[in-house]
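To start, the structure itself, in structure tokens.
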Amino acid sequence: MYKYVVKGENIPQISDTDMLLTILTGLGAKVRFINRSTIDIDCRNVRFQDAPFDLTRKIRASYYLIGAMLGRFGRAKTTMPGGCNFGVRPIEQHVKGMTALGAMVDIKNGFVYADAPDGRLRGARIYLDKVSVGATMNIMLAAATAQGRTIIENAAREPHIVDLANFLNQMGADIRGAGTDTVKINGVERLHGGSYSIIPDQIEAGTYMVAAAATGGEILVKNVIPKHLECISAKLRETGTIVQEYEDSVLVKGASTLRKANVKTLPYPGFPTDMQPQMGALLCMAQGNSIITEGIYDNRFKYINELRKMGAECQVEGRVAVIEGGRKLTGALVQACDLRAGAAMVIAGMCAVGTTTIEDVHFIERGYENFVGKLRALGAEIEVVNDEEDEMNEHIIYVG
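Per our numbering: the sequence shown ends with 1828, consecutive numbering throughout.
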């Protein structure tokens, strides 16, 4: 059954998934939903063609089409990565990897063009100048069907790097060392179909953990891999939050008084940059001054201005933010500057006195399935309403 078809399980119902499936359909794939979280993808009729510009420019994952297309067709064309705007998204490590594999890469007019002169890539030793999750994954996608062996040094070690390797190996790839800083890929002639269940999302789970801690609540987050959450759990414990780990779940109990903490984002297993805004909202509730140092992106503190609107005392200089905690937040009209900043605004809104209205909810829908519904089930007074003047601009409203 799986000679040609890929069966994916635990697929999240988020807008980025919808866009990716639409892109695949546009390239000739047949997508069939078995149930709400399981799909079959038949790529026998996929042909090389331009990916739809209006979709690829909206998502960060557009650059993965470079590796996937090069591996299958020996050429690729896609847009520069889109998605959330919290700084420049350089792809020089992606380009370095594809060039080392033998592709000619050109970037012009917002598009990335790549071409393997004889139609197939060749294995190479690639040292990444900096740890990059995207580049590591993209090179793995391309090298899976390249001729010979590819070795990626200084590779990213995130859980989803291991997940991608396991997925590709299930389809006939030969990838070893994922989860370490050296990944070895022995190229195979072609991949085949298979069945695979995606691992739980550590950032989604971490967001609910932080929300419970910030509001002084209690939550049992099920169907997770606690080891993947250790960097988040450790930082929450510093604030006085109780975190208890079980085999496939995590129990979080908020403290009556949160303590200050210093946070520095780093590649895995360090504290993830995608949890930084949520943690920033929590630290507004903590007693004392906390310092957040952003070690990944240049401009990920846009949400601080939104917290200030709610009465938070925060100062930003470069990649460092100082949060004077312990001040009561009040409801305000704020903006979801990006996916994780949007989640942070929801957390802040649940802690604030009065009503908080959050604009640009579409950012949140990029990465959280039924976010409002799950929070409401946990007791939050929260709802989504349409702007009467603009049907396309939805608001999340929390009523305190």
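Cβ atoms here follow ideal geometry from the backbone N, Cα and C, with glycine treated the same way. Remember, predicted model here, so these are calculated numbers, not experimental data.
Which residue's Cα is closest to the Cα of residue 1472: 1519, 1456, 1537?
1456
List the endpoints of the continuous alpha helix (DSSP H) containing residue 1720.
Careful: residue 1720 lies outside any alpha helix (DSSP H), inside the beta strand (DSSP E) at 1716 to 1721.
Simplified DSSP assignment, three categories, for residue 1589
helix
Short Cβ contact (8 Å threshold) for residue 1535 with residue 1591
no
The beta strand (DSSP E) that contains residue 1829, what's its start and end?
The chain is shown only over 1429 to 1828; residue 1829 falls outside these bounds and no answer can be derived.
If you draw a straight line from the alpha carbon of residue 1516 to that of residue 1488, how long is it in whole angstroms?
Residue confidence for residue 1516 is low, a pLDDT of 48 falling below 50, so the modelled location carries little weight; the figure read from the coordinates is stated next. Spanning the two alpha carbons is a distance of roughly 12 Å.
Does the distance from the CB of residue 1666 to the CB of residue 1689 come in under 8 Å?
yes
On the DSSP letters alone, give me the boundaries of the alpha helix (DSSP H) that residue 1778 sits inside.
1767 to 1779
Scan the segment 1607 to 1682 and note each continuous alpha helix (DSSP H) run of 4 residues or more that stays entirely inside, going in chain order.
1630 to 1643, 1658 to 1666
Can you tell which of 1664, 1786, 1543, 1625 has the C-alpha that lies nearest to the C-alpha of residue 1504?
1543
Can you tell which of 1645, 1640, 1629 has its C-alpha closest to the C-alpha of residue 1651?
1629
Distance, Cα to Cα, residue 1434 vs residue 1661?
34 Å
Check the C-beta distance from residue 1640 over to residue 1680 and give it rounded, since I have them as a contact under 8 Å.
5 Å
Distance CB(residue 1447)-CB(residue 1483) smaller than 8 Å:
yes
What separation, rounded to the nearest whole angstrom, lies between the Cα atoms of residue 1532 and residue 1657?
39 Å
Quick check: residue 1797 and residue 1469, are their CB atoms within less than 8 Å of each other?
no
Sufficient close CB pairs (3 or more, under 8 Å) joining the segment 1705 to 1723 to the segment 1741 to 1753
yes
Along the chain, where does the beta strand (DSSP E) containing residue 1483 start, and where does it finish?
Taken as a continuous stretch (DSSP letters only), residue 1483 belongs to no beta strand (DSSP E), being part of the alpha helix (DSSP H) at 1481 to 1484.
When you compare each of 1546, 1475, 1712, 1694 to residue 1585 by their alpha carbons, which one comes out closest?
1694
With 16 other Cβ atoms within 10 Å as the buried cut-off, status of residue 1705:
buried
Taking just the CA atoms, how far does residue 1619 sit from residue 1429?
In this predicted model, residue 1429 has a pLDDT of only 39, less than 50, meaning its place in the structure is not dependable enough to derive any value.
Establish whether the CB of residue 1639 and some CB of chain D are separated by less than 8 Å.
Any reference to chain D falls outside this structure, which holds one protein chain only.
Between which two residues does the alpha helix (DSSP H) harbouring residue 1463 extend?
From DSSP, residue 1463 is part of no alpha helix (DSSP H) but of the beta strand (DSSP E) over 1458 to 1463.
Residue 1465 to residue 1805, Cα distance in whole Å?
20 Å
Helix, strand or coil at residue 1577 according to DSSP, with G and I counted as helix:
strand
With the cut-off set at 8 Å, would you say residue 1566 and residue 1502 are in Cβ contact?
no
Runs of alpha helix (DSSP H) wholly within the segment 1723 to 1753 (minimum 4 residues, chain order):
1730 to 1737
Can you list, in chain order, the residues of its chain with a C-beta nearer than 6 Å to that of residue 1777? Leave out the 5 residues immediately preceding and following it.
1784, 1826
As assigned by DSSP and simplified to three states, the class of residue 1685:
coil
Label residue 1612 either buried or exposed according to how many other C-beta atoms from any shown protein chain fall within 10 Å of its C-beta, with 16 as the threshold for buried.
buried
Distance between residue 1725 and residue 1734 (C-alpha atoms, nearest Å):
19 Å
Is it right to say residue 1684 is buried, meaning 16 or more other beta carbons lie within 10 angstroms of its own, or is it exposed?
exposed
Answer yes or no: do residue 1541 and residue 1581 have a C-beta to C-beta separation smaller than 8 Å?
no
C-beta contact flag for residue 1498 and residue 1570 at 8 Å
yes
Cα separation between residue 1562 and residue 1522?
8 Å
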